[in-house]
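Working notes, structure below.
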Amino acid sequence: MALLQVSDLTQRYGSKIAVNHINLTIETGQLVAFLGPNGAGKSTTINMLTGITRPKSGTISMDGLKPSNHEYRHQIGVVFQDSVLDRDLTVKQNLMWRAGMYKNVDYDFINRLMQAFDITSIAKQKYGSLSGGQRRRVDITRALLHKPRLLFLDEPSTGLDIQTRNKIWAVLNQLRAEYQLTIILTTHYLEEANIADYVYVIDHGEIIANATVDDLKAKYAKDVLTITTGDVAKVKALVNKDWPTTAEANKVKIMVPDVNATIQFLNAAQPFIQEMELKRGDMNDIFVALTGKEIR
Ligand SMILES: Nc1ncnc2c1ncn2[C@@H]1O[C@H](COP(=O)(O)OP(=O)(O)OP(=O)(O)O)[C@@H](O)[C@H]1O
Ligand SMILES: [Mg+2]
Numbered sequence: 128m129a130l131l132q133v134s135d136l137t138q139r140y141g142s143k144i145a146v147n148h149i150n151l152t153i154e155t156g157q158l159v160a161f162l163g164p165n166g167a168g169k170s171t172t173i174n175m176l177t178g179i180t181r182p183k184s185g186t187i188s189m190d191g192l193k194p195s196n197h198e199y200r201h202q203i204g205v206v207f208q209d210s211v212l213d214r215d216l217t218v219k220q221n222l223m224w225r226a227g228m229y230k231n232v233d234y235d236f237i238n239r240l241m242q243a244f245d246i247t248s249i250a251k252q253k254y255g256s257l258s259g260g261q262r263r264r265v266d267i268t269r270a271l272l273h274k275p276r277l278l279f280l281d282e283p284s285t286g287l288d289i290q291t292r293n294k295i296w297a298v299l300n301q302l303r304a305e306y307q308l309t310i311i312l313t314t315h316y317l318e319e320a321n322i323a324d325y326v327y328v329i330d331h332g333e334i335i336a337n338a339t340v341d342d343l344k345a346k347y348a349k350d351v352l353t354i355t356t357g358d359v360a361k362v363k364a365l366v367n368k369d370w371p372t373t374a375e376a377n378k379v380k381i382m383v384p385d386v387n388a389t390i391q392f393l394n395a396a397q398p399f400i401q402e403m404e405l406k407r408g409d410m411n412d413i414f415v416a417l418t419g420k421e422i423r
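Residue numbers for the sequence shown, in the numbering used here: 128 to 423.
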């Protein structure tokens, strides 16, 4: 059964439609990415799903609970695009103040989170004096301390180095394995969308594609084979006529459909091949195919 069911969700600001009649189905334990360019409507969607703003229309239901319901708020955790913690309090004070808002908080779990996110050594430091990466780790700890079923991460990795990003994902993946934590994240980072179980591609407030990464790749991201040859005409003649092919100087570029067909073609063309390169289709290809522009 789906954990979160959203139908016909719409948000307007004056005459501008920021989110346009979107439907979402989020299954328990899934890692779901909202992938879209600046201004696509990702944060606006998150704000409605977390009950911060009221939608113009549409319904949101988590196991029958609405975002206005107290219980709904207790079952979600949110890491906002911009931090919400008190700069003048220490890390520990911020976390304990937050923990005080929940009933039956498991303080051992909070300690474990602080260790896992490597923030015990900065616990007495003022939040405002932390580096960007340290702050992000505290923000995520804050969002997780009541053990939510569903975690929202609005651009969790912006401005983080690769080590910090990997560290955060290692901890989150452990929690997913441990208690089926469900995660919805927004991102411009293609590799972050790549690790998702399911991706919603959002542009101009609309969902322009939704599927698993593999399905999106199969549909929109073709592998490109580049052959360097002394005989462009011969190589071109061997290419299946259904495969989009371009030639320039001594290079032939072919969009190939799958590995087996590619190997067969390479066997046939082998006597004419001087060099070859195969570029696997990636999230960027998907994005370009869907929106006509590169994301990052
Ligand atoms: N409070 C508001 N008042 C007016 N317009 C708004 C408001 N909040 C968002 N918008 C507009 O709605 C659109 C979607 O904004 P949103 O913040 O959801 O985008 P986003 O996908 O999160 O982008 P980014 O990647 O830059 O964070 C934008 O055109 C934005 O200007
Ligand atoms: Mg945003």
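Don't be surprised by glycine CBs; every beta carbon is placed ideally from N, CA and C.
Between the alpha carbons of E154 and Q202 lies a gap of roughly 15 Å. No Cβ-Cβ contact shorter than 9 Å links L308 with R263. Residue burial annotation: N367 is exposed, with fewer than 16 other C-beta atoms found within 10 angstroms of its C-beta. Judged by their CB atoms, T268 and M228 are not nearer to each other than the 9 Å cut-off.
Taking C-beta separations shorter than 6 Å and ignoring five residues to either side along the sequence, the partners of Y316 in its chain run S284, following chain order. In terms of side-chain proximity, the C-beta atom of T172 is found nearer than 8 Å to a non-hydrogen atom of ligand 1. L417 sits in a helix when the DSSP states are folded into three classes.
Unbroken beta strand (DSSP E) runs of no fewer than 3 residues, entirely contained in the region 163 to 216, are found at 184 to 189 and 203 to 206, following chain order. Taking C-alpha positions only, T313 is separated from Y327 by approximately 9 Å. Taken atom to atom, the span from the alpha-carbon of S248 to that of L257 is near 12 Å. In the three-state DSSP reduction, Q138 falls in the strand class (E or B). Residues A250, K251, Q252, K253 and Y254 of the same chain have their beta carbon placed closer than 8 Å to that of T217, with the five preceding and five following residues left out of the count. For I237, no beta strand (DSSP E) encloses it; the enclosing alpha helix (DSSP H) starts and ends at Y234 to A243.
9 Å or more divides the Cβ of T353 from the Cβ of L393.
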